[in-house]
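Worksheet for the structure shown next.
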Amino acid sequence: MDRVHIIDFPIVHEPRGNLSFIESERHIPFSIQRVYYLYDVPGGATRGGHAHRTIQQVIIALSGSFDVVLDDGKEKRKVSLNRSYHGLFLPNMIWRELENFSSGAVCMVLASEYYNEAEYVRDYEEFKLLTRA
Ligand code: TYD
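This is the structure we're talking about:
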């Protein structure tokens with residue numbers, strides 16, 4: 235859990251609006267292989283509910299807000315995201331659930347690897363066994 239942290243992305247403030255940017259391996263500690271985003275999430279829905287064996291991710295509330303509930307097998311923690319210039323860095327083997335999405339929320343995720351279903355841990359009991367080992 236010590237490796238979980240918020241990254242502050244650069245912000246270019248201008249009267250005509252703000253601009254933030256993210257450079258692979260500069261503002262985040264891995265090379266970006268994939269970007270995906272969640273949107274039109276119905277009120278009350280929960281996303282996530284898994285860990286990744288090897289993938290590292292950065293989660294950003296591009297718009298709106300949501301909560302990320304984290305579990306490393308020992309400790310639990312909840313992080314609320316509501317700033318477009320904050321990224322939540324998650325190393326591998328962190329169980330996460332995303333909940334409490336505001337209406338219109340957009341959750342963008344930067345990932346260190348391509349999508350690979352075999353790389354997911356979707357069974358919490360297996361996650362507990364793996365983190366205990
Ligand atoms: P999942 O990772 O379980 O969603 P979340 O963690 O946001 O709740 O993925 C949901 C579905 O989308 C699942 O069938 C796999 C598919 N998917 C892809 O095809 N590519 C991707 O990059 C991601 C993240 C998911």
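Residue numbering for the sequence shown follows my numbering, starting at 235 and increasing by one per position. Ideal Cβ placement from N, Cα and C applies to all residues, glycine included.
Check: Which residues in the same chain have their Cβ closer than 7 angstroms to the Cβ of Gln267, if we skip the five residues on either side of it in sequence?; Outcome: Ala345, Ser346, Glu347 and Tyr348
Check: Residue ranges of each beta strand (DSSP E) run of no fewer than 3 residues wholly in the region 265 to 304, ordered along the chain?; Outcome: 268 to 272, 281 to 286 and 291 to 297
Check: Check the C-beta distance from Gly282 over to Arg330 and give it rounded, since I have them as a contact under 8 angstroms.; Outcome: 5 angstroms
Check: Among residues of its own chain, excluding the 5 on either side of Ser258, which ones have a beta-carbon nearer than 7 angstroms to its beta-carbon?; Outcome: Ser265 and Ile266
Check: Give me the Cβ distance between Leu322 and Ile240, rounded to the nearest whole Å; I'm assuming they're in contact under 8 angstroms.; Outcome: 6 angstroms
Check: Using the DSSP secondary-structure output, state which residues sit across from His261 in a beta bridge.; Outcome: His261 is not bridged to any residue.
Check: Taking the CB atoms as reference points, tell me whether Tyr354 and His286 lie closer together than 8 angstroms.; Outcome: yes
Check: Am I right that Ala352 and Ser318 are in contact with their C-beta atoms under 8 angstroms? What's the rounded C-beta distance?; Outcome: 33 angstroms between Cβ atoms; not a contact.
Check: Can you give me the Cβ contacts of Glu309 inside the same chain, cut-off strictly under 7 angstroms, excluding the 5 residues immediately before and after it?; Outcome: Met235
Check: My output table needs one value for Phe323: the three-state DSSP class, helix, strand or coil.; Outcome: strand
Check: Of the choices Asp301, Pro244, Asn350 and Asp242, whose alpha-carbon is the least far from that of Phe340?; Outcome: Checking the sequence shown, residue 340 turns out to be Val, not Phe. Among Asp301, Pro244, Asn350 and Asp242, the Cα nearest to that of Val340 belongs to Asp301.
Check: Quick one: what's Tyr395 bridged to in DSSP?; Outcome: The chain is shown from 235 up to 367; residue 395 falls before or after that span and cannot be answered.
Check: Would you grab the beta carbon distance between Met327 and Leu272 for me? Rounded to a whole angstrom, and I think it's under 8 angstroms.; Outcome: About 21 angstroms separates the two Cβ atoms, so there is no contact after all.
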